[in-house]
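See below for the structure under consideration.
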Amino acid sequence: MFLKKISNLANTLLFRLTVMHTVAFTLLAIASFAVFYYRIYAVTMERMDEELLEETEHHATLLAESGLAGLRSKMAEESEFEDPAEEFYRLLGFDGNVLFATDMQSWGSVDKKEALANLAADDADPVFQSIVQPRWDLEARMISAAIGPGIILQIGESLEEADEYLEIFRHLFSILIVILIIVSVFIGWYLARRALVDMEAVTLTAEEISNGSYDRRVNVTGQLKEIERLSTTFNKMLDRIQILLRSMKEINDNIAHDLRSPLARIRGIAEMTLVSEKPVEEYRNMAVSTMEECDSLIDMINTMLDITEAEAGVNGAADEQFDLVVLINEACELFRPVADEKRIELDCRFPESLSFRGVRKKMQRVVTNLLENAIKYTPEQGKVSITASVQDAEVVIAFKDNGIGISENDLPYIFGRFYRCDRSRTQSGVGLGLSLAKAFAESMRGMILVTSAVDKGSTFTLKFAQ
Ligand code: ADP
2 MFLKKISNLA NTLLFRLTVM HTVAFTLLAI ASFAVFYYRI YAVTMERMDE
52 ELLEETEHHA TLLAESGLAG LRSKMAEESE FEDPAEEFYR LLGFDGNVLF
102 ATDMQSWGSV DKKEALANLA ADDADPVFQS IVQPRWDLEA RMISAAIGPG
152 IILQIGESLE EADEYLEIFR HLFSILIVIL IIVSVFIGWY LARRALVDME
202 AVTLTAEEIS NGSYDRRVNV TGQLKEIERL STTFNKMLDR IQILLRSMKE
252 INDNIAHDLR SPLARIRGIA EMTLVSEKPV EEYRNMAVST MEECDSLIDM
302 INTMLDITEA EAGVNGAADE QFDLVVLINE ACELFRPVAD EKRIELDCRF
352 PESLSFRGVR KKMQRVVTNL LENAIKYTPE QGKVSITASV QDAEVVIAFK
402 DNGIGISEND LPYIFGRFYR CDRSRTQSGV GLGLSLAKAF AESMRGMILV
452 TSAVDKGSTF TLKFAQ
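Residue 2 is where the sequence shown starts when you use my numbering, and the numbers rise one by one after that.
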C-alpha cells in the first residue's frame, strides 16, 4: 500500500519536475563551489610559494654577507624558535651532501633528486614541490633554490594552517549545499505546483465535461502563456465539438422528422387499403403513391450519403474537361417549362463556350439545385437571371432571382442539412439541396456565396479556381 503510494507519487509530473529542478540546482551549486574552492586553494598555494621564495632570498643575502658558517649558525639559532613539524631547512651541496639540516624527523626522506637535477645550471629557477609529511599524512610545500655557488637551500612548510582554513570553507560549503538542496526542493515544488495548478484546471474541466457538463470551459485569464495557449485551444476544441454535437442532434431530429411524414403517409395508404373495399383502379393509385413516397425517401437518403461522401472526400470521380455553357443551357432547358408555367422570365447570359475542369455529374447537380431553388422561391411573373464568366482566373456563375429572399437570421444556416426557412415551408423540398451544392462545389475547389434581402430576392454565386 505504502509502496504503491510512493510509486504513484514518483509518477506525478509535480514530483519529477521538483526532482529535476533540485538535481539541476544542486549540480550547479556544487560546480560553482568547486570552482570557488579551487580558486581559494590556488591562491593559498601561490601565497605560500611567495613566502618560501622570500625566505630563500633572505637566506641568499645572509650567505652572501656572512658566508656558509655564518648562515649555518644563524639557521641553527633561528630553528630553536621554530616547530620542526611545521617547517624544515636543509642546505645541500651540488654533490648531494647535506651541509646543514634542522630536525627532520617528522618529514621522512625528503626528495633531493629533483632539486639537484634542476638547479645545476647557474641561473636555474627555484623548484617548487608538493610533498607529504608521512607522519601525519599532511600536505606540505617545499622550495629548492640555489642561494650561492654550489649551495642549495630547501625549505619545507606544512600546509596544516592553510588546510585548517580550507577546512572551514569545506565545512561551510557542505552546510550551504544542504541548505540549498532543501531550499531548491521547495522552490522546485512551488514552481512546478504553480505551473500545474493551471493545468489541473484544464484536467478538472475535462473531467466535468466527461461527466456531462458540456458547457464548461477553462478560465483563460491570468495563466502562464503556454498553459493559456493550451486552455484556449482546448476551449476552441470544445466549442467545435459542441457545434458538431448540436448539428448532429439537429440532423438526427430532422431525419426523424422528415422520415416520419412520408412513413406516416405510406402507413395511411396501407391502412386505407386494408379497411376499405375499393375498385382495383384506386388500389393501383395507392400503390403508385406508395412508390412515390418510397422514391422520395430513397432520394433523400441517397442525397445525404452523397453529401457525406463529398465532405469526407471519398469516392471522388476523376476531373474532366467540359464546356460549362452547354451544361448550364441543358439545365435551363430542363427548368424552362416550370419557369414558363409560373411566367418567370429566364435570362441567361454567358459566353459561347466556357471550358471547365471538374466532375460533370457534380456540377450538373450544383447548377440544377441552385436554378431549381431560384425558380421555386420566386413568385409568378418574377425574373431569374443566370450569368457565367471568367473573372481573375476564376469561373463565376451567378443565379439571381427577385423572389421571396432570405432573412438575415436564416442566412447563416441555409447550407446546413435539412434547414428550411419558415417562409418556404409551403414549397416542396427537404432542405438538402444547398448542403449538397456546397459539399459538391467545395469538393471541386469551389465555394458558394449568397446575398439576399427579404422580398427583394437572392443571388447565389459559385466561384471556382481553375
Ligand atoms: P429546399 O429543399 O428546402 O429547397 P435547400 O437546401 O435547397 O432546401 O434550401 C434551404 C432553404 O434555403 C430553403 O428551404 C429556402 O428556405 C432557402 N432558399 C434556398 N434558395 C433560396 C432562394 N433562391 N430564395 C429564397 N430562399 C431560398
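Glycine included, C-beta positions come from ideal geometry on N, C-alpha and C.
All figures in this text were calculated on a predicted structure; none of them were measured in a lab.
- For D300, there is no enclosing beta strand (DSSP E); the residue is found in the alpha helix (DSSP H) stretching over V281 to A313.
- The C-beta distance from L117 to I152 rounds to 12 Å, too long to fall under 8 Å, and the pair is not in contact.
- Closest in alpha carbon position to S110, among S74, G157, R73 and E66, is G157.
- For N255, same chain residues with a beta-carbon under 6 Å away, outside a window of 5 residues either side, are F419 in chain order.
- With contacts defined by Cβ atoms closer than 7 Å, D402 and T379 form a contacting pair.
- Positions of the alpha helix (DSSP H) runs, each at least 4 residues long and wholly inside the segment 85 to 145, are given as 114 to 119 in order along the chain.
- If only complete runs of 4 or more residues are kept, the segment 183 to 255 shows no alpha helix (DSSP H) anywhere.
- In this structure the segment 16 to 31 lies against the segment 171 to 189, because at least three pairs of beta carbons, one per stretch, are closer than 8 Å.
- With 16 or more other CB atoms across the displayed protein chains lying within 10 angstroms of its CB, V385 is buried.
- A contact is defined here as three or more CB-CB pairs under 8 Å, and the segment 126 to 142 fails this definition with respect to the segment 69 to 82.
- Boundaries of the alpha helix (DSSP H) harbouring M76: L14 to S80, taken from the DSSP string.
- Within the segment 379 to 451, the complete beta strand (DSSP E) segments at least 3 residues long are 384 to 392 and 395 to 402, listed from N- to C-terminus.
- Within the chosen limit of 6 Å, ligand 1 does not reach the beta carbon of L14 with any heavy atom.
- Look at N374: its beta carbon is less than 6 Å from one of the heavy atoms in ligand 1.
- Taking the CA atoms as reference points, F170 sits about 14 Å from A30.
- Collapsing the DSSP output to three states places G157 in a strand.
- Rounded to whole angstroms, the gap between the alpha carbons of F129 and D50 is 7 Å.
- Distances from the CA of C422 to each of L355, D240, N374 and E229 were compared; the closest alpha carbon is that of N374.
- Counting C-beta atoms within 10 angstroms of its own C-beta, L205 has fewer than 16 neighbours from the protein chains shown and is therefore classed as exposed.
- Here L10 has F16 as same chain residues with Cβ atoms under 8 Å from its own Cβ, once five neighbours each way along the sequence are excluded.
- As the crow flies, the alpha-carbon of T452 is around 6 Å from that of S459.
- In chain order, I270 and T274 place their CB closer than 6 Å to the CB of M287, counting only its own chain and leaving out the 5 sequence neighbours on each side.
- With a cut-off of 6 Å, the C-beta of Y378 is classified as near ligand 1, since at least one heavy atom of the ligand falls inside that distance.
- With a cut-off of 6 Å, the C-beta of V451 is classified as distant from ligand 1, since no heavy atom of the ligand falls inside that distance.
- Per DSSP, F357 is one residue of the beta strand (DSSP E) stretching across S356 to G359.
- In the three-state scheme derived from DSSP, where H, G and I count as helix and E and B as strand, D164 is classed as helix.
- Boundaries of the alpha helix (DSSP H) around R337: L325 to E342.
- Residue environment analysis places M76 among the buried positions, since at least 16 neighbouring C-beta atoms fall within 10 angstroms of its C-beta.
- Distances between the C-beta of R446 and the heavy atoms of ligand 1 are all 6 Å or more.
- For F465, the enclosing beta strand (DSSP E) begins and ends at G458 to A466.
- In this structure, V219 keeps its C-beta atom at 7 Å or more from the C-beta atom of S211.
- Straight across, the Cα-Cα distance linking S436 with I405 is about 20 Å.
- As DSSP reads the structure, L347 sits in a beta bridge with V385.
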